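Some notes on the structure that comes next.
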Amino acid sequence: MSGSDNPYNGSFGNQMTATTSFGAQPATAAAAGSYITDTTTANFGKDVIEESRNQPVLVDFWAPWCGPCKQLTPVLEKVVNEAKGRVRLVKMNIDDHPSIAGQLGIQSIPAVIAFVNGRPADGFMGAVPESQIQQFIDRIAGPAGADEAAEIEAVLTEAAELLAAGNINEAAQLYAAVMQADPENAKAVAGMAECMIAANQHERARQTLTDLPEELAKDAGIQAVLKKLEQIEEARKLGDPVALERDLAANPDDHEARLKLAKILNVEGRRDEAAEHLLLIMRKDRAFDDDGARRQLLQFFEVWGFKDPATVSARRKLSAMLFS
1 MSGSDNPYNG SFGNQMTATT SFGAQPATAA AAGSYITDTT TANFGKDVIE
51 ESRNQPVLVD FWAPWCGPCK QLTPVLEKVV NEAKGRVRLV KMNIDDHPSI
101 AGQLGIQSIP AVIAFVNGRP ADGFMGAVPE SQIQQFIDRI AGPAGADEAA
151 EIEAVLTEAA ELLAAGNINE AAQLYAAVMQ ADPENAKAVA GMAECMIAAN
201 QHERARQTLT DLPEELAKDA GIQAVLKKLE QIEEARKLGD PVALERDLAA
251 NPDDHEARLK LAKILNVEGR RDEAAEHLLL IMRKDRAFDD DGARRQLLQF
301 FEVWGFKDPA TVSARRKLSA MLFS
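Set out below in structure tokens:
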């Protein structure tokens, strides 16, 4: 699925704009227009010590007469720029500003020292190859993409909380933003479909989940949303819940009516009530519909999710019934 045919771009409901960005460069780098700056003895505390509390800072100690420095500089700058803000590079000419290098015991250049949280954390000396610089940055700042992955996961968590609270459009905006950064993110795909279901756009939700790449289509979260759509479509055909409740009041052992009512309550979001009806059928007649109440409850669990409070509660009661 490419960004150009991403169905999550555009509008959702009346209005949706995806404004969240991932892997964006830090504000300090953006303001400077670069990840690379020069520093002085007077500015070292601000440029290196303070800044390293926000992100790792590499300090390149060099001098104009140093041949290996001229070899290292373009390679080091290239790798830092390609890191896109995971680290900053601060260059210090030791001819003009020798005191900091002296305090750190640097006796040979080029020397690169990484500062993290205000302290020297690691370093290397000499004109090392590009691959070693990349490994050094990965060691200091973590593997490429780690920060972006954590940010995406945080946005997905926020989107799920918004959806659970009924803020459909806000949740959809965040899911759309994730899709722009990662078009095949399974949680975002499933979440966007859930937003469509919550907005009563069932056909659009089904279209969203069709023709996905094979591996993405197999994702458990996406499969759960498809099963939820099937349950909704089935419940539409089961009749009037008020009439079913009247039937049960007249005949509490009408298990067929109780099973239908449980399915309708489920799609209405009344999960605990739906589970109680199925558990009641099991208590009275495990043989009904070839243990159909238990099988239906397990299907509910698949859609609700393992950690859903209704799943936890009903599973506890089911276990007590089966194993007591």
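Take 1 as the starting number for the sequence shown in full-length UniProt numbering and just add one per residue. Just so you know, even glycine gets a beta-carbon here, dropped at the ideal spot from N, CA and C. Note that the structure is a prediction, hence the values are computed from the model and not measured.
Checklist entry - Where does the unbroken alpha helix (DSSP H) through L89 begin, and where does it stop? => result First-last for L89: R88 to N93, but that is the beta strand (DSSP E), not the alpha helix (DSSP H).
Checklist entry - If we count the other Cβ atoms within 10 Å of its Cβ and call it buried at 16 or more, is Q135 buried or exposed? => result exposed
Next on the checklist: I'd like the ranges of any beta strand (DSSP E) spanning at least 3 consecutive residues and lying wholly in the UniProt domain "Thioredoxin" (24-142).
Outcome noted: 36-38, 57-62, 88-93, 111-116 and 119-125
Checklist entry - Roughly how many whole angstroms lie between the Cα atoms of K284 and A205? => result 38 angstroms
Checklist entry - Do the region 115-125 and the region 50-61 meet, that is, are 3 or more Cβ pairs less than 8 angstroms apart? => result yes
Checklist entry - How about L226 and L244: do their beta carbons lie closer than 7 angstroms? => result no
Item to check | Burial state of Q207 (16 or more Cβ within 10 Å) | outcome: exposed
Checklist entry - To the nearest whole angstrom, what separates the beta carbons of residue 327 and V87, a pair I think is in contact under 8 angstroms? => result Not covered by the structure: residue 327. The range shown for the chain is 1 to 324.
Checklist entry - Does the separation of the CB atoms of E276 and L265 fall below 7 angstroms? => result no
Item to check | Supposed close pair Q278, L248 - CB separation, criterion 8 angstroms | outcome: Note that residue 278 is Leu in the sequence shown, not Gln. Not quite, the Cβ-Cβ distance comes to about 13 angstroms (not below 8 angstroms), so this is no contact.
Next on the checklist: In this structure, how does DSSP classify F306 when only helix, strand and coil are distinguished?
Outcome noted: coil
Checklist entry - Mind checking E51: buried by the 16 CB within 10 Å criterion, or exposed? => result buried
Item to check | Coarse secondary structure for R286, derived from DSSP in three states | outcome: coil
Checklist entry - Given G123, which residues of its chain have a CB within under 7 angstroms of its CB, disregarding the five upstream and five downstream residues? => result A111, V112, I113 and A114
Checklist entry - Which residue comes first and which comes last in the alpha helix (DSSP H) that contains D247? => result P241 to A250
Checklist entry - In angstroms, rounded to a whole number, what distance separates the CA positions of P309 and T39? => result 56 angstroms
Checklist entry - Does the region 213-227 come within contact of the region 184-203, defined as at least 3 CB pairs closer than 8 angstroms? => result yes
Checklist entry - Helix, strand or coil: how does DSSP classify Q299 here? => result helix
Item to check | Three-way DSSP call (helix, strand, coil) for S21 in this model | outcome: At S21, the pLDDT of 47 sits below 50, so the modelled position is not reliable and the matter cannot be decided from this model.
Next on the checklist: Here's a check: name, in chain order, each residue in its chain whose Cβ is nearer than 6 angstroms to the Cβ of A235, leaving out the five neighbours to either side.
Outcome noted: K263, I264 and V267
Item to check | Endpoints, the alpha helix (DSSP H) within which N169 is located | outcome: I168 to A181
Checklist entry - Would M321 be called buried (16 or more neighbouring beta carbons within 10 Å of its own) or exposed? => result exposed
Item to check | Coil, strand or helix - G269 by DSSP | outcome: coil
Next on the checklist: Suppose the cutoff is 6 angstroms on Cβ atoms and the five residues either side in sequence are ignored; what does the same chain contact list for F301 look like?
Outcome noted: T311
Next on the checklist: For E215 and Q71, I'd like the C-alpha separation in whole angstroms.
Outcome noted: 45 angstroms
Checklist entry - What is the rounded straight-line gap between the Cα of K228 and the Cα of E130? => result 51 angstroms
Item to check | Reduced DSSP secondary structure (H/G/I, E/B, other) of T210 | outcome: coil
Next on the checklist: With the cut-off set at 7 angstroms, would you say I152 and L89 are in Cβ contact?
Outcome noted: no
Checklist entry - Does the Cβ-Cβ distance between A63 and I94 come in under 7 angstroms? => result yes
Item to check | Nonlocal neighbours in the same chain, by C-beta distance under 7 angstroms from K46, ignoring five residues either side | outcome: none
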